[in-house]
Every structure is written in structure tokens, then in C-alpha cells.
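Residue numbers (numbering that gives the first Met the number 0): 0 to 237.
Before any comments, here is the structure.
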Amino acid sequence: MRFLSCLVLLALISCGSANTNKNNMDSAGYRTSGVEQYFLPELPQWANASAEGGCLKSSSFIYLNFPKLKESYQLKYQQMIELQAQYNERLENYFRSTAVRFLKPMEEASFFSNTLEQVRGGVRSMKLPPVKEIEVIWLESFTIAELKKLAQSERFNERLPVLFSSCHSKQSLTQWLAQEQLDEVGFYPLSAEWLSPYNSQGELKAGLKINLAEVFGPNIKITITAAKNKSTTELYLP
Numbered sequence: 000m001r002f003l004s005c006l007v008l009l010a011l012i013s014c015g016s017a018n019t020n021k022n023n024m025d026s027a028g029y030r031t032s033g034v035e036q037y038f039l040p041e042l043p044q045w046a047n048a049s050a051e052g053g054c055l056k057s058s059s060f061i062y063l064n065f066p067k068l069k070e071s072y073q074l075k076y077q078q079m080i081e082l083q084a085q086y087n088e089r090l091e092n093y094f095r096s097t098a099v100r101f102l103k104p105m106e107e108a109s110f111f112s113n114t115l116e117q118v119r120g121g122v123r124s125m126k127l128p129p130v131k132e133i134e135v136i137w138l139e140s141f142t143i144a145e146l147k148k149l150a151q152s153e154r155f156n157e158r159l160p161v162l163f164s165s166c167h168s169k170q171s172l173t174q175w176l177a178q179e180q181l182d183e184v185g186f187y188p189l190s191a192e193w194l195s196p197y198n199s200q201g202e203l204k205a206g207l208k209i210n211l212a213e214v215f216g217p218n219i220k221i222t223i224t225a226a227k228n229k230s231t232t233e234l235y236l237p
């Protein structure tokens, strides 16, 4: 499933690049904002999942075209992944507050431009206090009972806990933590909006993943924690 999903994503990106002009003409009726060039083709619903996490994505996330962003705005990897996360968070907040399920071209351009300016101005969605060490826990590898047992231990007294989800959006993950009475643990959410098919060099790779060192900085010691006999390629350190 993971391999097939990767092939679908790569094929969609390839086709989208090869037919950019045609697509722009064909889509003129519903996308004329100009910012669509920075969006990768949307994954079909059956491929919008994480095989490693064994879950369907809670939202149809927008994945950004990092090479085009870098060419147009000279953004670094950390800024591009931050832009993608903030843009998706903004979309979800908007769609949760209205019955509308799509953006008009001018709204799309406004959402993108405003989010871009925030990121370029230094606004960050992932805000951590000054720490020397963090522990990134992969949610989908644990049962709820295992995660609660982990949360009750004293291991987080020495390092900051970051909870990563392969499929939850930030809003969905926050709601899940409250539902399972884990919101008092102090987990910092790292949700599926942060995953990208590009590595930190802007190269297209198979599968969605995130470079943790680029997100949290090189001076923080990062530990990735998963349940016994489970691992994920979605999180990586250089």
C-alpha cells in the first residue's frame, strides 16, 4: 500500500509538471489565482493514508511544490514546511467555521499570500520553549493504554514530549488528546501537515517524511520513540 501510494504521488507530480500549461487552461474556470503552481496534485482518497501508521488521513492535505517555492521566494526547507503546515491549519480552521468546502480563486490567493508573509516574517506554528532535548513519540505505533502508561512515567521530566501523528491534522490531534484525557500531559503536536515528499535539499523522494533536525534546529538533541518492534520512515534525522 505504501509503495503504491508513493507511485501514485510521484505519477501525479510528474503528470502535473508535464501538463502545466494545459492544466492552467483547463482549470481556469475554478483556479485562476496563480498560486496553484505551488500546490502538488491532490491525492485520491484511497491513497490519502499512511501504511506505516495504518490510518487514513483526517484531512485532504495540500502538499506544496518546494522547488517552485524556492525558485520564486528563496525559502529554506524549514520555511517551506512551516508554510505548508500553517496553510493547511488555516484551511481547516476556515472550513470548520463555514459550510463552504472550497476556496474561490481570490480567497485561495489571499490565504496563500497572507500565510507566506507570516512565515517570512518569522511566525512559527511549532513553538517550543528553550530546551536541550526533545522526545518525538510516534502516536500510531502505540495503543492508547501504552501511550497513557508512557505519559505517566517520569521520562518527560528531563525532555520535552512532542507527539507525532501520521494521519491527524493539528486540530484533529488536539481534539483526540482531549478526548483521551491526555491534554494535560503537555504534548507538543507534530501533525500530518508537516509531512512532505521533498527532502531538505528539495529533492523528490518516495513517501512522505519530515526532517526533524531542520524543524527543531541542530542544537537540540532529538530522540524518536516508537512502540517495540515498530518504526517509521516518516521521521528522519540526518
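Glycine included, C-beta positions come from ideal geometry on N, C-alpha and C.
For residue i, does the count of other Cβ atoms within 10 angstroms reach 16, so buried, or fall short, so exposed?
{"i": "ASN218", "result": "exposed"}
{"i": "ASN228", "result": "exposed"}
{"i": "MET79", "result": "buried"}
{"i": "ASN236", "result": "According to the sequence as given, residue 236 is Leu; it is not Asn. Answer is exposed; the Cβ neighbour count stays below 16."}
{"i": "PHE101", "result": "exposed"}
{"i": "LYS220", "result": "exposed"}
{"i": "GLU183", "result": "exposed"}
{"i": "GLY52", "result": "buried"}
{"i": "ASN264", "result": "Residue coverage of the chain in this structure runs from 0 to 237, which leaves residue 264 outside it and unanswerable."}
{"i": "GLU157", "result": "exposed"}
{"i": "ILE209", "result": "buried"}
{"i": "TRP193", "result": "buried"}
{"i": "ALA150", "result": "buried"}
{"i": "VAL161", "result": "buried"}
{"i": "TYR197", "result": "buried"}
{"i": "THR114", "result": "buried"}
{"i": "PRO128", "result": "exposed"}
{"i": "ILE143", "result": "exposed"}
{"i": "VAL118", "result": "buried"}
Would you list the one or two residues that DSSP bridges to residue i?
{"i": "ILE61", "result": "In DSSP, ILE61 forms no bridge with anything."}
{"i": "LEU189", "result": "PHE163"}
{"i": "ALA241", "result": "Any property of residue 241 remains undetermined from this structure, which presents the chain solely from 0 to 237."}
{"i": "PHE38", "result": "LEU63"}
{"i": "GLU134", "result": "PRO160, THR222"}
{"i": "LYS169", "result": "None, per the DSSP bridge assignment."}
Can you look up residue i in the DSSP assignment and give me helix, strand or coil?
{"i": "VAL161", "result": "strand"}
{"i": "PRO128", "result": "coil"}
{"i": "ALA225", "result": "coil"}
{"i": "SER195", "result": "strand"}
{"i": "ALA98", "result": "coil"}
{"i": "LEU207", "result": "strand"}
{"i": "LEU234", "result": "strand"}
{"i": "ALA212", "result": "helix"}
{"i": "ARG123", "result": "coil"}
{"i": "PHE276", "result": "Since the displayed the chain opens at 0 and closes at 237, residue 276 lies outside it and no answer follows."}
{"i": "PRO104", "result": "helix"}
{"i": "GLU91", "result": "helix"}
{"i": "GLU202", "result": "coil"}
{"i": "LEU74", "result": "coil"}
{"i": "LEU115", "result": "helix"}
{"i": "SER239", "result": "This structure cannot settle anything about residue 239, because the visible part of the chain is limited to 0 through 237."}
{"i": "GLN174", "result": "helix"}
{"i": "LEU146", "result": "helix"}
{"i": "LEU181", "result": "coil"}
{"i": "ASN20", "result": "Its pLDDT being 42, under 50, ASN20 is placed unreliably in this model, and the value from its coordinates should be taken loosely. Of the three classes helix, strand and coil, the one that applies to ASN20 here is helix, per DSSP."}
{"i": "PRO217", "result": "coil"}
{"i": "SER32", "result": "coil"}
Rounded C-beta distance between residue i and residue j? I'm assuming under 8 Å.
{"i": "ALA191", "j": "LYS56", "result": "6 Å"}
{"i": "ALA108", "j": "VAL34", "result": "5 Å"}
{"i": "GLU233", "j": "SER168", "result": "That pair is no contact at about 15 Å."}
{"i": "LYS67", "j": "GLN36", "result": "6 Å"}
{"i": "GLN77", "j": "GLU179", "result": "The pair is not a contact, with the Cβ atoms about 30 Å apart (cut-off 8 Å)."}
{"i": "ILE136", "j": "PHE163", "result": "7 Å"}
How about residue i: is its Cβ closer than 7 Å to a heavy atom in the ligand GDP?
{"i": "LYS220", "result": "This structure does not include the ligand GDP; it has no bound ligands of any sort."}
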